[in-house]
């Protein structure tokens with residue numbers, strides 16, 4: 001059963017980012033929003049970890065949050081708007097928000 005994992009907290013502030021990556025299943029998805037998009041900063045350990053995820057794990061980032069933080073989406077990720085975010089939530093069997 002595939003799960004969409006939602007991360008919105010900075011990957012530099014606590015262990016949620018690392019914990020989430022450890023629990024991702026082979027067909028899961030990960031959507032970065034809010035300060036979690038900082039994980040896509042070039043040259044960071046967090047971006048390297050995202051790039052090393054298995055290809056079956058889909059990576060998304062909320063476009064509005066990327067723009068607000070002047071970040072570019074990496075080759076590994078796909079930028080999505082709010083309507084696509086809603087569609088993603090409906091397309092996965094479960095949604096897990098890492099509050």
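In the UniProt record's numbering, the protein residues as written are 1 to 99. C-beta atoms are modelled at their ideal positions from N, C-alpha and C, and glycine is treated no differently. Being a predicted model, the structure only gives us computed values, none of them experimental.
Practice prompt. Alpha carbon to alpha carbon, how far is residue 20 from residue 80? Give it in angstroms, no decimals.
Written response: Cα to Cα, the separation comes out at about 20 Å.
Worksheet entry | Nearest neighbour of residue 40, chosen from 14, 67, 88, 28 [CA to CA] | 67
Worksheet entry | Completely contained beta strand (DSSP E) runs for the segment 1-62, where each covers 3 or more residues | 3-7, 29-32, 58-62
Discussion item. Taking a contact to mean a Cβ-Cβ separation below 8 Å, would you say residue 97 touches residue 30 in this structure?
Written reply: no
Worksheet item: Based on the DSSP output, what are the partners of residue 79 in its beta bridges?
Response: 61
Worksheet item: With a CB to CB cut of under 7 Å and the five nearest residues on each side skipped, what residues in its chain are close to residue 99?
Response: none
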